[in-house]
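A.B. asks: The listed protein sequences derive, respectively, from chains A and B.
Residues 958 to 1069 (my numbering) are what the first sequence spells out, left to right.
Residues 6 to 116 (my numbering) are what the second sequence spells out, left to right.
For every residue, glycine included, the Cβ atom is placed at its ideal position computed from N, Cα and C.
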Amino acid sequence: AQSVTQPDIHITVSEGASLELRCNYSYGATPYLFWYVQSPGQGLQLLLKYFSGDTLVQGIKGFEAEFKRSQSSFNLRKPSVHWSDAAEYFCAVGAGTYKYIFGTGTRLKVLA
Amino acid sequence: DVKVTQSSRYLVKRTGEKVFLECVQDMDHENMFWYRQDPGLGLRLIYFSYDVKMKEKGDIPEGYSVSREKKERFSLILESASTNQTSMYLCASSATDDGYTFGSGTRLTVV
């Protein structure tokens, strides 16, 4: 069965520190992979997506993610976190017929 | 930019009421989706639609129905609201597998 796992429910980092949010998936074919961010009380905004090609993808707000087929992972990274990055982050995998499966989210807290 | 508009940000309804949540998108997207979001459970798909008058059940359709009479509008209906339907409801639209555009969400409280 297709699934997405975000092993970290909460992560706290200091402003200026690097960030890596983990995402593992289970999917039968080459997946479509996405990262979304949700600010409090808001909908989800697309950060970046991977369909094929270069396994390192760049997104908005300085984020990037790397697709590693051998590890079934699509981890999100940022070299230097800003206080405005505090939000909840969701990984999603394309489940065919345009339906996506979402992880349960990782809430990021940024310390000043 | 694609815009997905949900008619209400906050809604309070009584148990047993029929509740309508409206969603409108302005970019002629074929696909529209309704999710509910609960702490610790992530997003769960309720219903989706690939075309006008077409609908398919998602993972948790019980207690819900939908309507898509026009391409730009996708309505979620709670036939008889119950307290366990208190949640954040998110509408999204997409064209092919290009990622979803989400609305701002409707936080529904059933009392």
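Short of 8 Å in beta carbon distance, which residues of its chain neighbour Val1078 (chain A), apart from the five on each side in sequence? Order them along the chain.
C.D. replies: The structure shown does not extend to residue 1078 (chain A), since chain A is modelled only from 958 through 1069, so no value can be given for it.
A.B. asks: Report yes or no: is there a C-beta of chain B within less than 9 Å of the C-beta of Phe1024 (chain A)?
C.D. replies: The count along the first sequence starts at 1 and reaches residue 1024 (chain A) at position 67. Interface flag for Phe1024 (chain A) against chain B is unset, since no Cβ pair is found closer than 9 Å.
A.B. asks: Find the nearest neighbour of Glu1045 (chain A) within the set A:Gly1000, A:Ala974 and A:Ser983, judged by alpha-carbon distance.
C.D. replies: Position 88 of the first sequence holds residue 1045 (chain A). Comparing Cα positions, the closest option is A:Gly1000.
A.B. asks: Using 10 angstroms around the beta-carbon of Asn89 (chain B), count the other beta-carbons present and answer buried if the total reaches 16, otherwise exposed.
C.D. replies: Along the second sequence, read from residue 1 onward, the residue named residue 89 (chain B) stands at position 84. With fewer than 16 neighbouring CB atoms inside 10 Å of its own CB, Asn89 (chain B) falls in the exposed class.
A.B. asks: Terminal residues of the continuous beta strand (DSSP E) containing Tyr69 (chain B)?
C.D. replies: To locate residue 69 (chain B), count along the second sequence from 1; it is residue 64. It spans Tyr69 to Lys75 - the beta strand (DSSP E) in which Tyr69 (chain B) sits, taken as one unbroken run.
A.B. asks: Can you name the residues of chain B whose CB is closer than 9 Å to the CB of Phe991 (chain A)?
C.D. replies: Taking the first sequence and counting its residues from 1, one reaches residue 991 (chain A) at position 34. Under the 9 Å cutoff, chain B gives Gly104 and Tyr105.
A.B. asks: Should the segment 74-87 of chain B be regarded as contacting the segment 22-42 of chain B, the criterion being three or more beta carbon pairs within less than 8 Å?
C.D. replies: Taking 8 Å as the limit for Cβ pairs, the verdict is that the segment 22-42 of chain B does touch the segment 74-87 of chain B.
A.B. asks: Would you list the residues sitting across from Asn1032 (chain A) in a DSSP beta bridge?
C.D. replies: Locating residue 1032 (chain A) in the first sequence gives position 75, counting from the first residue. BP columns for Asn1032 (chain A) point to A:Glu1023.
A.B. asks: So, is the C-beta of Phe1031 (chain A) closer than 9 Å to a C-beta in chain B?
C.D. replies: Locating residue 1031 (chain A) in the first sequence gives position 74, where the first residue counts as 1. Not one chain B Cβ lies under 9 Å of Phe1031 (chain A).
A.B. asks: Can you give me, in chain order, the residues of the segment 995-1016 of chain A that have a beta carbon less than 8 Å from any beta carbon in chain B?
C.D. replies: Gly998, Gln999, Gly1000, Leu1001, Gln1002, Leu1003, Lys1006 and Phe1008
A.B. asks: Quick check on this structure: which residue in B:Ala100, B:Gly110 and B:Pro66 has the alpha carbon closest to the alpha carbon of Glu35 (chain B)?
C.D. replies: Along the second sequence, read from residue 1 onward, the residue named residue 35 (chain B) stands at position 30. Looking at the Cα atoms, B:Ala100 is the closest of the given residues.
A.B. asks: Whose C-alpha, out of B:Val116, B:Thr114 and B:Tyr52, is nearest the C-alpha of Gly68 (chain B)?
C.D. replies: Taking the first residue of the second sequence as 1, we reach residue 68 (chain B) at position 63. If we check each option's Cα against that of Gly68 (chain B), B:Tyr52 comes out closest.
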